[in-house]
Amino acid sequence: MAKPRKPRWQRRKDERPAEIISAALAVFAARGFAAAKLDDVARRAGISKGTLYLYFRNKEDLFKAMVREMLVPNIALAEAQLGDDATSTPELLTRVLRGMVSVIASPVGAIPKLVIAEAGNFPDLARFYVEEVVARGLGVLGRLLARGVSRGEFRTINPASIGPVVAGPLMLLAMWTHALKPHTPPAVRAAFEPDSFFETYTDVILRGLLATPAGAGE
């Protein structure tokens with residue numbers, strides 16, 4: 001016997017928080033967090049401001065939900081991949097970095113730019129972002145780097161020091177993609193296209209990490 005379908009109104013109610021979060025990302029990215037208004041978010045989501053308040057207490061609460069729904073699951077996915085003992089560390093690192101570049105190149109990549117732009121005015125949001133995203137992301141990179149060293153795949157390094165060096169270019173990519181791209185000449189723009197950037201970025205990173213650099217002895 002076929003399972004009864006949920007009434008349309010109930011399915012809509014269940015989907016509404018995700019719709020609000022998606023609308024918030026678009027509004028925050030276009031106007032900045034400080035200038036964005038919840039009226040604009042509600043209008044874009046096709047609901048009343050009162051309905052929005054049924055799900056989120058204020059703009060800060062909505063921003064935190066956006067980070068948890070759109071960024072944190074990607075970090076959790078990267079953390080889960082650390083248990084893949086059958087895959088070499090260079091391959092695993094490449095896979096994790098590809099995922100990071102893909103997220104940054106998507107609309108979700110506007111979130112780091114928002115945090116940096118508003119950190120001085122909204123320190124609580126900055127601290128939240130550091131704890132939920134930056135610390136966990138660096139933790140993933142640090143564990144990957146330590147794994148590579150312990151398995152003899154990477155040369156002896158200090159993972160805590162190298163992690164931010166690996167992450168730094170990703171932040172530059174986010175700033176360029178979501179802030180500077182419209183103002184960049186074509187010759188420079190080509191180097192930041194996701195596929196081109198990823199290929200060059202991973203080549204440089206891995207050549208610096210590998211215990212036996214690619215091409216050595218050739």
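Residue numbers for the sequence shown, in the numbering used here: 1 to 218. Even for Gly, the Cβ is constructed at its ideal location relative to N, Cα and C.
Contact defined as beta carbons within less than 8 Å: I believe residue i pairs with residue j. What is the distance between those atoms, to the nearest angstrom?
i      : j      : result
ALA167 : GLY137 : 7 Å
LEU54  : LEU38  : That belief does not hold up - the Cβ atoms of LEU54 and LEU38 are roughly 12 Å apart, past 8 Å.
Suppose the cutoff is 6 Å on Cβ atoms and the five residues either side in sequence are ignored; what does the same chain contact list for residue i look like?
i      : result
LEU209 : PHE154
GLU19  : ALA45
ALA24  : VAL41, LEU62 and MET66
Between which two residues does the alpha helix (DSSP H) holding residue i run?
i      : result
PRO185 : Element bounds for PRO185: n/a, residue is neither H nor E.
THR89  : 89-105
PHE197 : 194-209
PHE128 : 123-129
Nearest to residue i by alpha carbon, out of the options?
i      : options                           : result
ALA29  : LYS59, GLY46, GLY109 and ILE75    : GLY109
PRO17  : ALA34, LYS37 and ALA65            : ALA65
PHE122 : ALA34, ALA24 and ALA23            : ALA34
THR202 : THR94, VAL188 and ALA190          : THR94
ILE75  : GLU131, ALA146 and LEU180         : GLU131
GLY32  : PHE56, VAL96, LEU77 and ILE116    : ILE116
ILE162 : ALA179, PRO182, ALA135 and LEU141 : LEU141
Can you list, in chain order, the residues of its chain with a C-beta nearer than 7 Å to that of residue i? Leave out the 5 residues immediately preceding and following it.
i      : result
ALA211 : GLY152, GLU153, PHE154 and ARG155
PHE198 : ARG98 and VAL101
Which same chain residues end up closer than 8 Å to residue i when comparing Cβ atoms and leaving out the 5 residues on each side of it in sequence?
i      : result
LEU206 : PRO90, LEU93, THR94 and ALA214
Closer than 8 Å is the cut-off here; do at least three beta carbon pairs connect the stretch 43-53 with the stretch 78-88? The answer is no - the stretch 78-88 does not touch the stretch 43-53, with fewer than three Cβ pairs under 8 Å.
Is it true that the stretch 87-101 meets the stretch 145-164, where meeting means three or more beta-carbon pairs spaced less than 8 Å apart? With a cut-off of 8 Å, the stretch 145-164 and the stretch 87-101 count as touching, because enough Cβ pairs lie within range.
Can we say the stretch 169-177 touches the stretch 58-76, given the rule of at least three CB pairs closer than 8 Å? no
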